[in-house]
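As numbered in the numbering used here, residues 2 to 554 make up the sequence shown, in order.
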Amino acid sequence: MLESMTQIPTCLATEDFDIDALNAAINASTTMPALLQDSATKGPTSDRLPQTGDNPTDGTKKSEDSVCRHWFTHLEVPGTHHELPDRASRATVVDERYRQNLSERLQYRVPSDPLPSTDFLNMCIQMYFARFNPIFPVVHAPTFRPSTENALLLLSICSVGSLFLGSRNGIACGTRIFETLNKAILASWESYITKAEPEIRSMSQAALIGQVFGYLSGWVRTNRVLRSHQSTHEIEREKIECDPEEAWTNWAVKEEQRRLTAGLVILDSEISDLFSSEPCMRRQSLKSSISDDELWTAPTAADWSRSLTRQQSAHMHGNTMVKQNNFREYFSLEEIGGSVCDARTSDDSRALQSLQNVLEEFYCNNIAHRGSSASPDIFCLRALWHVTFLSTLVDFDRLELVVGREGHKESQRHVSFARTWANSPDGCRCAVHAAMAFRCLESLPMAREPPIHTPRCLHRAILVLYCYLQFRVISDRIDVTQQPLNFSELKDAGVNCEKLLAEINGPSMWGTKPMHSSMLCHFIDLLRRLGHWGLARQQAAMWEVIVYGLSPS
2 MLESMTQIPT CLATEDFDID ALNAAINAST TMPALLQDSA TKGPTSDRLP QTGDNPTDGT
62 KKSEDSVCRH WFTHLEVPGT HHELPDRASR ATVVDERYRQ NLSERLQYRV PSDPLPSTDF
122 LNMCIQMYFA RFNPIFPVVH APTFRPSTEN ALLLLSICSV GSLFLGSRNG IACGTRIFET
182 LNKAILASWE SYITKAEPEI RSMSQAALIG QVFGYLSGWV RTNRVLRSHQ STHEIEREKI
242 ECDPEEAWTN WAVKEEQRRL TAGLVILDSE ISDLFSSEPC MRRQSLKSSI SDDELWTAPT
302 AADWSRSLTR QQSAHMHGNT MVKQNNFREY FSLEEIGGSV CDARTSDDSR ALQSLQNVLE
362 EFYCNNIAHR GSSASPDIFC LRALWHVTFL STLVDFDRLE LVVGREGHKE SQRHVSFART
422 WANSPDGCRC AVHAAMAFRC LESLPMAREP PIHTPRCLHR AILVLYCYLQ FRVISDRIDV
482 TQQPLNFSEL KDAGVNCEKL LAEINGPSMW GTKPMHSSML CHFIDLLRRL GHWGLARQQA
542 AMWEVIVYGL SPS
């Protein structure tokens, strides 16, 4: 049974849908005279780089160096030994032949392979709107229509939808679509920004969804574009009464644009946290202009019109009853996460403390009231909240370094920090938050697709729990639960810190190593089995190297 928020467009690609025209539109958007030149000079883009040797020069193997080579963002680089070209080929003068070769190497190479069948496209579109759009709602399903004008958006939707087909061939086909899409967007960006607003918005949506595909597939890139404003209260009632269908369509266009911008902020926040860097986007919050779930999921213009009229009437009479708005809450929490990244990068401890208060207020206003009888927490806000709070308590970057992200030598510089943290009240506090984040994600129904932040949340929870278990002093096993654990944000959430911490520490008979922790092993197992995201599998393989010493096959 699909969730109530799940919507599939009523108009898909039919038997009359002209795939050749769609192919032509895609090729036309990327065709330049230079693209017609022979591409023989260009090597394959997916060639694997040669691997470096595994043995350190001193003949010893450091576990942190192995971790560094298996880190999920690590790229193998060629060795430093390169043969120099002969003197004749090292000319210092640029001639016409050199210029021509350079020109060819700089050209975009967009594959011209035909698209899959109409049936395959339809399956991908349906799976996208049934499984992915509910957890990343930036395309308005009721008004979406496949056309040559939104060809790039259609490709992007199909690439993500292919992940949910349960077929390796389907995923491989979706990956090829993504590669084509990525090159097409790069090649056609300059031509698209001169076109009409609908085509610009469509391409921007395609770029955003494509970047999410790349991010969750383990091909992380960053992105930013667009601006938007106008809340639903500013829509004139006369326009709705005159032509509700047109008013609905125009509203959907503006709402998609607002959600596109919000989606970019979310992705920017995700990437900046995962790579411990500053967010790229700097803008005023637009959460107040994101429409609520009732308006967004209205299947027809009539339903939308009735909902909007009720809301406008309530607003005029001062009725402040809050409508459910899952995406706005999700965006707000990710926005706070971006602020935490800013404060962490600038080493602003006062700002971090202030953001803890903001997070406590967010919990009271948006999470505390969610019970078992409430609508499903489709964005897993509780887990995201715990991990965001974690980021205010500890520097994830330093924990990753001590684990071995940059190798043994760099790791040793942060051991003292990790030991001090693990044996402090903040270490206990972080361990409890990590366990609570895991509990939230553990309870996710298998039939529901996890949100895009789930791999990062589990990765952070594992990182915190591993470092806590690895660097805490053994004698603290008895004393730690006797320390006062009066953490306001956990007390308000109804968490029994002493009981949970005793469970994390485990019985003394099992020893002190992280690999002896059944909870940590369960964390890693859940990360490996998490949805369709390649990023989660890469991270799980990395943690198996760290915790168990197992090299991925």
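Ideal Cβ positions, reconstructed from N, Cα and C, are used throughout, including at glycine.
Between residue 437 and residue 341, the C-beta spacing is not below 8 Å. In its chain, beyond the 5 residues on either side, 341, 353, 356 and 357 have a beta carbon closer than 6 Å to the beta carbon of residue 393. Cβ-Cβ distances below 7 Å link residue 498 to 433, 486, 488 and 491 in the same chain, with the five nearest sequence neighbours on each side left out; the list follows chain order. Rounded to whole angstroms, residue 154 and residue 204 show a C-alpha spacing of 6 Å. In the structure shown, residue 526 adopts helical secondary structure according to DSSP, grouped into three states. For residue 385, the CB contacts under 7 Å within the same chain, skipping 5 residues up- and downstream, are 334, 454 and 458 in chain order. Nearest Cα to residue 339 within the set 184, 279 and 380: 279. With distances taken between CA atoms, residue 331 lies nearest to 378 out of 378, 298 and 518. The alpha helix (DSSP H) runs of length 4 or more contained entirely in the stretch 378–440 are, from start to end of the chain, 382–394, 397–404, 409–413 and 416–423.
In this structure, the straight-line span from the alpha carbon of residue 261 to that of residue 302 is close to 22 Å. Of all alpha-carbon atoms in 306, 439, 505 and 469, the one lying nearest the alpha-carbon of residue 253 is that of 306. For residue 128 and residue 493, the gap between their C-alpha atoms comes out near 39 Å. Short of 6 Å from the beta carbon of residue 427, and not among the five residues preceding or following it, lie these beta carbons of its own chain, in chain order: 394. In the three-state DSSP reduction, residue 196 falls in the coil class, being neither helix nor strand.
Contact between residue 441 and residue 370 is ruled out by a C-beta separation of about 16 Å, above the 8 Å threshold. Judged by DSSP in its simplified three-state form, residue 174 adopts helix.
Within the same chain, 253, 256 and 257 come within 7 Å of residue 141 by CB-CB distance, once the 5 residues on both sides are set aside.
In this model, residue 523 and residue 183 are separated by some 36 Å (Cα to Cα). Check the Cα spacing between residue 295 and each of 507, 399 and 312: the tightest is with 312.
Across the structure, residue 124 and residue 543 are spaced so that their CA atoms are roughly 33 Å apart.
Per DSSP, residue 534 is not a residue of any alpha helix (DSSP H), being assigned neither H nor E. Counting the other CB atoms within 10 Å of its CB gives residue 474 a total below 16, which places it among the exposed residues.
With contacts defined by Cβ atoms closer than 8 Å, residue 179 and residue 160 form a contacting pair.
Straight through space, the alpha carbons of residue 449 and residue 368 are spaced by roughly 20 Å. Residue environment for residue 170: exposed (fewer than 16 other C-beta atoms within 10 angstroms of its C-beta).
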